[in-house]
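Accompanying notes for the structure given below.
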Amino acid sequence: MFIKSSSSETPALINNNAKKVILELDDGTLYQGYSFGAEKSVSGELVFQTGMVGYTESITDPSYQGQILVLTFPLVGNYGVPSRKKMDPLFSDIPLYFESRKIHVSALVVASYSRSYSHYLSESTLGDWLYEQGVPAIYGIDTRALTKKIRTKGSMLGRLLQMKKDCVLGDFSDDDILWRDKFENIEWVNPNLRNLVQEVSTPTVRIYKPSSECSQKLLSDEQLRVLCVDVGMKASQILCFLKRGVELKVVPWDYDFSVEKDYHGLFVSNGPGDPSILTVVIERLKKCIDAKMTPIFGICLGHQLLSRAAGAETVKMKFGNRGQNIPCTNMINGRCYITSQNHGYAVDASTLPQDWKELYVNINDGSNEGIYHATLPFFSLQFHPESSPGPRDTEFMFDVFIDVIKRSFNEKRLVSFEISENKIKDNLSNLKDNIKKVLILGSGGLSIGQAGEFDYSGSQAIKALKEEGIYTVLINPNIATVQTSKGLADKVYFLPVNPEFVLKVIKYEIPDAIYLTFGGQTALNVGVRLKDEFEKLGVRVLGTPIDTIITTEDRQLFAKSMKEINEKCAVSASASNIQDAMKVGSDIGYPVIVRAAYALGGLGSGFADNAEQLYALCNKAFAVSPQVLIEKSMKGWKEIEYEVVRDCKDNCITVCNMENFDPLGIHTGDSVVVALSQTLSNEDYIKKHRKLYHKSIKDT
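Heads up: the sequence shown at position 283 corresponds to 354 in the working numbering, and the numbers run straight through without jumps.
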């Protein structure tokens, strides 16, 4: 059955000369799309990946060798491709922007492809890069339907078939039995039947030395050295060791590492394919386990190989786990981590020998994500702590490995590894606070055309609190909101959200805590004014602390906080009268942007290109606020926003990130905001998230 391209408009928008191409599945399903990249027919295993960013890192990951990769994110190519020639400034033979020197996927499948890219590092389109590397690709495919098929039926083989030369072709119909005459025909190929590791492993031994500034020394002043078995090693794994001062000896997959002596820790990398094929590696790992000579650490395929060497079995998963937002629970401390994953095989935890235990478990499907030996420093992870692409929340596992190497060497015996977190029982004792009743300041009035995001988020908060058995009291003057629906909150006060009425309700209801973050600027202003009253009455502020609210509203405090995480801010100052405002404008230099402090919807804000415009704006601003904020105009800069939520155990989740279409400085209420962001690379996305994460932890 033919499934035509997902949008008849896509080819015309991208390339009028786009050639039709067929994606054929081994169950007989045919998808008609359009070619970009190399004009080449290929066959391989069809898999999908759910990442939002990081296509350059993903397709250069050796673990994808032999696979046709389906990207579920709807628009791909937005930020182009960076330089293929640039190498890491500290380690000259490691690519700066990629996981290896070549593309490893057999083909790429996307819904929509953009030839128009926007990123300061980009040097070409994604299609041009694929063409250079001889890798075909197809767009115009309904990747949602394709992903659902793979999820239902499991991973399957696919063929990307190019049109024969000089063939003129229209759309197909189900009864067109002659279509095969118009397309190339190739054999079906199952890459899992061959030794994919042999195709991607280093052919020779390589030595990587860290810079002298960060070199890790043992007590004997000896350089800490790790022996790495390359079964498809990513560049990020090498860098994770080198940037921690570890010297690496990287050896081919078939190198007899079991007879090596001159190293302090053994590492087995990620890689492609079926682990059961690599019997020679498994046997050598068994010898290393029995020898009890050094700590051992494995990632992805390395995890599966270590597990089989320990005596466990591996199984092929129905469709695997490939993405950048996959939650895993640490079985030692009970903490959940968001991980990056790329695997089609898993360890069967029920077959682990008695001395081996599960270290991590996948929350989504319950599959094994890590193992460890009960008494010896042997452990491994199914997910990718080095990420790239994806979050780096578990990169600390490299530190765990290095720490146990040093302790084992210094004590002249193998000691068990340690994760510097509380045990599960300690964590559980701290989870519940004695909160029985919560007051929520609601979203207030809504008019047609407003987004109503606070009404939505507030109603979700009420539902979550009720699930926890907490009594909810809502103040919201607007009867026409979801928050005030019958049966949602336990009690609703249809009163204005202002200090006078909020204080009266608190004294009458005596709540244990209050939420300020579900009522927009109005509720935040009330919280700031009643900060001292909350403390006197013993009402705890949940969510964003009032001090943080004050910091975000005060440009000087905000700039100071940004400086603490090495983020730059525009030159700015505040003024409480027109004379001071004019002086500030002169000192900063025009153009400037003017904002009224603590104002709703950008009231009293605007751009001033000269003193006359500044004077006029300040007259309006001081009519609604006692303070005016003036800063250097940043028109033309890119503006991005992150919505970050942190829980009591310092887990931080980016609920959403956004990119402003308008120049930096336009008030959000007046701007066009695109969610999710469209022109941020993986490095941009993760870097910003990590800075916001560390800032949120520091504020507590």
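For every residue, glycine included, the Cβ atom is placed at its ideal position computed from N, Cα and C.
Exclusion of the five residues before and after Glu-293 leaves no residue of its chain whose Cβ lies closer than 7 Å to its Cβ.
According to the DSSP assignment, Phe-107 belongs to the beta strand (DSSP E) that extends over 101-108. Nearest in C-alpha terms to Glu-284, of all of Ile-711, Glu-318, Val-268 and Thr-400, is Glu-318. Distance from the Cα of Val-744 is smallest, within the candidate group Arg-265, Glu-710 and Val-726, for Glu-710. Positions of the alpha helix (DSSP H) runs, each at least 4 residues long and wholly inside the segment 290-316, are given as 306-313 in order along the chain. Around the Cβ of Gln-627, a 10 Å sphere holds fewer than 16 other Cβ atoms; the residue is exposed. The three-state secondary structure of Arg-478, taken from DSSP, is helix. With contacts defined as CB atoms closer than 9 Å, Ile-409 and Val-509 fail to qualify as a contacting pair. Nearest C-alpha to Ile-353 among Phe-589, Thr-725 and Ala-380: Ala-380. Going by C-alpha positions, Asp-252 is about 17 Å away from Thr-100.
Between Trp-708 and Ala-679, the alpha-carbon positions lie close to 17 Å from each other. In this structure, Phe-338 and Leu-298 form a Cβ contact; the two beta carbons are roughly 7 Å apart against a cut-off of 8 Å. Relative to Cys-238, the option among Glu-489, Ala-560 and Val-92 whose CA is nearest is Val-92. Counting along the chain, Phe-119 sits inside the beta strand (DSSP E) bounded by residues 113-120. The DSSP assignment places complete alpha helix (DSSP H) segments of no fewer than 4 residues inside the segment 607-642 at 617-624 and 626-635, in order along the chain. Collapsing the DSSP output to three states places Asp-333 in coil.
DSSP, reduced to helix, strand and coil, places Phe-162 outside both helices and strands of the structure shown, so it counts as coil.
The C-beta distance from Ile-533 to Ile-511 rounds to 6 Å, short enough to meet the 8 Å contact threshold. Residue range 570-580 is occupied by the alpha helix (DSSP H) that includes Pro-570. The Cβ atoms of Pro-460 and Ser-185 do not sit closer than 9 Å to each other. Going by DSSP, Val-124 is part of no alpha helix (DSSP H) at all; its letter is neither H nor E. Between Phe-450 and Phe-480, the gap from beta carbon to beta carbon reaches 9 Å or more. DSSP places Phe-449 in the uninterrupted beta strand (DSSP E) bounded by 449-452. In this chain, Ala-668 is not harboured by any alpha helix (DSSP H), its DSSP state being neither H nor E. In its chain, beyond the 5 residues on either side, Pro-323 have a beta carbon closer than 8 Å to the beta carbon of Thr-275. Taking a cut-off of 8 Å for Cβ pairs, the segment 100-115 and the segment 173-183 touch, as three or more such pairs fall below it. In terms of CA proximity to Gln-103, Tyr-210 leads the group Thr-143, Tyr-210 and Asn-401. C-alpha of Ser-226 to C-alpha of Val-206: approximately 21 Å in a straight line.
In the DSSP assignment, Thr-400 is bridged to Cys-407 and Val-432. Residue ranges of uninterrupted beta strand (DSSP E) with 3 or more members are absent from the segment 375-399; none lies entirely inside it.
Around the beta carbon of Gln-375, a 10 Å sphere encloses 16 or more other beta carbons of the protein chains shown; the residue is thus reported as buried. For the options Lys-428, Lys-483, Tyr-443 and Asn-401, the alpha carbon positioned closest to that of Thr-465 is the one of Asn-401.
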